[in-house]
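Heads up, my numbering is the position in the sequence shown plus 5, with the first residue counted as 1.
The beta carbon of each residue, even a glycine, is placed where N, CA and C say it ideally should be.
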Amino acid sequence: MVALTETGIDGLDRILHGGLVRDSTTLVNGNPGTGKSLLGSEYLYNGVDQYDEDGIYFSFEERAADIRDAAESFGLERWGEYVESGRITVFDKEMLIDSEDYNASLEPLLTELTREDRYDRLLFDSLNMFTMFMADDREKRQDLLKLTEVLSANGLTTLITKEQGDIFTQTDVDIENFLADGSLYLFQRSTDQSVRRYLWVEKMRKHDIESDIFPMRIDEGGFKVYENASAFSMMNDAVSPF
Ligand SMILES: Nc1ncnc2c1ncn2[C@@H]1O[C@H](COP(=O)(O)OP(=O)(O)OP(=O)(O)O)[C@@H](O)[C@H]1O
Ligand SMILES: [Mg+2]
Numbered sequence: 006m007v008a009l010t011e012t013g014i015d016g017l018d019r020i021l022h023g024g025l026v027r028d029s030t031t032l033v034n035g036n037p038g039t040g041k042s043l044l045g046s047e048y049l050y051n052g053v054d055q056y057d058e059d060g061i062y063f064s065f066e067e068r069a070a071d072i073r074d075a076a077e078s079f080g081l082e083r084w085g086e087y088v089e090s091g092r093i094t095v096f097d098k099e100m101l102i103d104s105e106d107y108n109a110s111l112e113p114l115l116t117e118l119t120r121e122d123r124y125d126r127l128l129f130d131s132l133n134m135f136t137m138f139m140a141d142d143r144e145k146r147q148d149l150l151k152l153t154e155v156l157s158a159n160g161l162t163t164l165i166t167k168e169q170g171d172i173f174t175q176t177d178v179d180i181e182n183f184l185a186d187g188s189l190y191l192f193q194r195s196t197d198q199s200v201r202r203y204l205w206v207e208k209m210r211k212h213d214i215e216s217d218i219f220p221m222r223i224d225e226g227g228f229k230v231y232e233n234a235s236a237f238s239m240m241n242d243a244v245s246p247f
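Spelled out as structure tokens, the structure:
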């Protein structure tokens with residue numbers, strides 16, 4: 006049996022048959038607004054709140070104050086407290102991106118990750134923004150290899166968000182897909198009245214998972230993934246979205 010890290014996200018751990026593989030890296034893919042950053046925030050928050058595991062958040066996309074506002078509006082009420090007490094460390098885009106020459110470097114991140122062995126959970130948001138600063142594919146490959154080595158050597162169970170257009174039609178063989186141990190997708194479909202959200206776990210190395218597509222919700226109570234297909238009918242949608 007591999008060691009697992011529970012996300013604490015309602016419904017998700019059952020789909021993952023217990024949780025993420027400990028010390029692994031999982032891509033959280035999805036279009037804008039599908040909930041990637043919030044899923045990651047809740048993962049870090051639950052680490053502190055329920056499992057006594059500290060977290061670190063690298064955001065190339067948002068400012069710390071906005072991250073906090075979003076977290077608190079989403080039911081993660083003690084977010085500010087956990088950040089102030091240092092149990093969740095946030096490096097936001099203003100800290101990570103040097104606006105003078107519009108550059109982001111891997112080095113300060115690696116320094117922080119290896120400085121102390123105190124974090125168990127990492128959220129890296131997003132891969133697209135981070136790799137935008139890299140000169141070419143070779144640099145991207147080298148940096149991502151280095152990053153994943155450091156992550157697993159430092160006992161971090163990591164979520165990396167990735168903006169990904171269409172699922173199922175993935176033709177690219179980006180290096181991150183090989184480096185990541187796991188991959189999950191968030192997506193949404195609009196109906197006349199509402200937006201329906203779904204989650205699909207594509208893969209999790211070394212660990213069996215549920216491979217169906219599951220409906221999910223985001224509201225002030227956080228994330229909720231409905232574990233069985235009958236949720237489709239519960240949501241007045243007896244047919245598959247595809
Ligand atoms: N309190 C809330 N109640 C209901 N829905 C919410 C709440 N807070 C956030 N959301 C939903 O979550 C979505 C934002 O999620 P999030 O910022 O995690 O998306 P994302 O995938 O990271 O997007 P991006 O690619 O733009 O960074 C919003 O579009 C909104 O619909
Ligand atoms: Mg986001």
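Annotation for E168: the continuous beta strand (DSSP E) segment containing it runs T162 to E168.
For ligand 1, residues qualifying as neighbours are G35, P37, G38, T39, G40, K41, S42, L43, E66, S78, F79, E168, I223, D224 and E225, where qualification means a beta carbon closer than 6 Å to at least one of its heavy atoms (chain order). When DSSP reads this structure, S195 sits in a beta bridge with V200. Inter-residue distance for G16 and L152 is about 30 Å (C-alpha atoms, whole angstroms). I180 is the residue among P113, D122, I180 and T12 whose C-alpha sits nearest the C-alpha of D141. In this chain, the beta strand (DSSP E) harbouring L32 covers T30 to G35. Under DSSP, D224 forms a beta bridge with G227. About 10 Å separates the Cβ atoms of V33 and L43, ruling out a contact at the 8 Å cut-off. Ranking D59, G227, L114 and M134 by CA distance to the CA of R92 puts D59 first. According to the DSSP assignment, F96 belongs to the beta strand (DSSP E) that extends over I93 to F96. The secondary-structure analysis by DSSP pairs G13 with nothing; it has no beta-bridge partner.
At least one heavy atom of ligand 2 is found less than 7 Å from the C-beta of T166. The alpha carbon of E232 has as its nearest neighbour, out of Y124, I218 and P37, the alpha carbon of I218.
Residue pairing by DSSP puts F219 in a beta bridge opposite L204.
Separation of the CB atoms of G187 and K208 is rounded to 6 Å, and the pair is thereby assigned contact status at 8 Å. D71 has its Cβ no nearer than 7 Å to any heavy atom of ligand 2. T94 is a Cβ neighbour of Y62, given a cutoff of 8 Å. Taking L25 as the centre and dropping the five residues before and after it, the same chain places the C-beta of L9, T10, T12, T31, T162 and G187 closer than 7 Å to its C-beta, in chain order.
The distance from the Cβ of R201 to that of R210 is about 29 Å, inconsistent with a contact at the 8 Å cut-off.
Of the candidates E225, E66, Y56 and D213, the residue whose Cα lies closest to the Cα of R19 is D213. Between ligand 2 and the CB of D130, the shortest heavy atom gap is smaller than 7 Å.
If you look at G52, you'll find it in the alpha helix (DSSP H) that goes K41 to Y56.
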